Amino acid sequence: GAVVSQHPSWVICKSGTSVKIECRSLDFQATTMFWYRQFPKQSLMLMATSNEGSKATYEQGVEKDKFLINHASLTLSTLTVTSAHPEDSSFYICSAREWENSYNEQFFGPGTRLTVL
Amino acid sequence: AQSVTQLDSHVSVSEGTPVLLRCNYSSSYSPSLFWYVQHPNKGLQLLLKYTSAATLVKGINGFEAEFKKSETSFHLTKPSAHMSDAAEYFCVVTSNAGNNRKLIWGLGTSLAVNP
Numbered sequence: 197g198a199v200v201s202q203h204p205s206w207v208i209c210k211s212g213t214s215v216k217i218e219c220r221s222l223d224f225q226a227t228t229m230f231w232y233r234q235f236p237k238q239s240l241m242l243m244a245t246s247n248e249g250s251k252a253t254y255e256q257g258v259e260k261d262k263f264l265i266n267h268a269s270l271t272l273s274t275l276t277v278t279s280a281h282p283e284d285s286s287f288y289i290c291s292a293r294e295w296e297n298s299y300n301e302q303f304f305g306p307g308t309r310l311t312v313l
Numbered sequence: 003a004q005s006v007t008q009l010d011s012h013v014s015v016s017e018g019t020p021v022l023l024r025c026n027y028s029s030s031y032s033p034s035l036f037w038y039v040q041h042p043n044k045g046l047q048l049l050l051k052y053t054s055a056a057t058l059v060k061g062i063n064g065f066e067a068e069f070k071k072s073e074t075s076f077h078l079t080k081p082s083a084h085m086s087d088a089a090e091y092f093c094v095v096t097s098n099a100g101n102n103r104k105l106i107w108g109l110g111t112s113l114a115v116n117p
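Those protein sequence lines, which keep their order, are chains R and X. The opening residue of the first sequence carries number 197 in this note's numbering; numbering runs sequentially from there. The opening residue of the second sequence carries number 3 in this note's numbering; numbering runs sequentially from there.
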């Protein structure tokens with residue numbers, strides 16, 4: 197149980213285009229989903245927290261107009277990187293926390309590697 | 003504020019020898035603590051978690067960690083390393099940000115296992 201999927205697993209795009217990454221909780225309802233960014237050989241950096249049906253809460257320094265997050269259902273959140281540039285190339289990881297989880301355990305997706313040319 | 007420090011960025015051991023990955027935390031309240039493992043090109047996997055129950059926590063793949071409040075430590079150990087243990091390990095503590103508690107991540111420890 198507690199499986200989180202991400203799609204696509206990797207994507208290459210041209211500078212200036214937008215890319216959408218999907219995060220799905222496959223066997224539980226996720227009231228809260230988190231989006232992280234991980235640079236090579238570094239730790240995870242929390243970008244934003246999204247609750248189903250409400251606006252995402254972005255961490256300081258993360259541009260909300262560039263990284264659009266939608267959490268329209270209890271099993272799906274999307275991250276759209278708008279007008280992507282090479283500096284946006286990174287490994288993006290989502291996680292989801294189910295409603296009944298009282299210990300704040302998050303279940304992680306396998307990640308999406310974005311390369312912007 | 004909560005924080006976590008992984009004392010070693012890189013640890014190298016021989017196969018069959020013990021593993022010790024060190025983690026110290028700072029928290030103004032009783033935290034939840036986690037160890038995650040990340041293998042190359044794979045997703046993060048929870049090894050074990052401490053949530054104010056038993057201080058010695060047993061996880062998957064033979065790993066365990068002991069919560070020591072007096073030392074503010076949560077070191078990860080394994081009696082005998084296996085080649086498949088080579089990976090990046092993250093120590094994580096929860097923040098106290100209300101209902102949307104965030105995970106505060108250590109910088110990671112890269113474990114190499116030599117044959």
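Don't be surprised by glycine CBs; every beta carbon is placed ideally from N, CA and C. Just so you know, these numbers come straight off a predicted model, no measurement behind them.
- For Asn26/X, the uninterrupted beta strand (DSSP E) run begins and ends at 25 to 28, by DSSP.
- Under DSSP, Lys80/X forms a beta bridge with Val21/X.
- Ser32/X and Ser211/R have their C-alpha atoms some 46 Å from each other.
- Counting only the Cα atoms, Thr213/R lies some 35 Å from Leu48/X.
- Contacts with chain R at 8 Å (Cβ-Cβ) include Phe92/X.
- DSSP places Arg233/R in the uninterrupted beta strand (DSSP E) bounded by 226 to 234.
- Burial check for Gly18/X: the Cβ neighbour count within 10 Å stays below 16, so the residue is exposed.
- Pairing Pro42/X with Thr79/X gives a Cβ-Cβ distance that is not under 8 Å.
- Here Glu255/R carries a coil assignment [DSSP, helix/strand/coil].
- Within the segment 219 to 242 of chain R, those residues whose Cβ lies closer than 9 Å to any Cβ of chain X are, in chain order, Thr228, Phe230, Tyr232, Gln234, Lys237, Gln238, Ser239, Leu240, Met241, Leu242.
- Comparing alpha carbon positions, the residue from Leu313/R, Leu310/R, Gly305/R closest to Ser201/R is Gly305/R.
- Gln234/R sits buried, since 16 or more C-beta atoms from the chains shown fall within 10 Å of its C-beta.
- Burial is judged here by how many other beta carbons sit within 10 angstroms of a residue's own beta carbon; Trp206/R has fewer than 16 and is exposed.
- For the segment 245 to 261 of chain R, residues whose beta-carbon sits nearer than 8 Å to a beta-carbon of chain X comprise Thr245, Asn247, Thr253.
- The beta carbon of Leu9/X lies closer than 6 Å to those of Arg24 in the same chain, with the five residues before and after it left out.
- Note: Gln8/X is bridge-paired with Cys25/X in the DSSP secondary-structure output.
- Residue pairing of Thr276/R in beta bridges, as defined by DSSP: Lys216/R, Leu264/R.
- For Gly212/R, there are no C-beta contacts with chain X under 9 Å, since the nearest C-beta of that chain is about 28 Å from it.
- Take Lys51/X, set aside five residues on each side of it, and the residues of its chain with a beta-carbon closer than 6 Å to its own are Phe36, in chain order.
- A straight line joining the alpha-carbon of Leu272/R with that of Met229/R spans about 9 Å.
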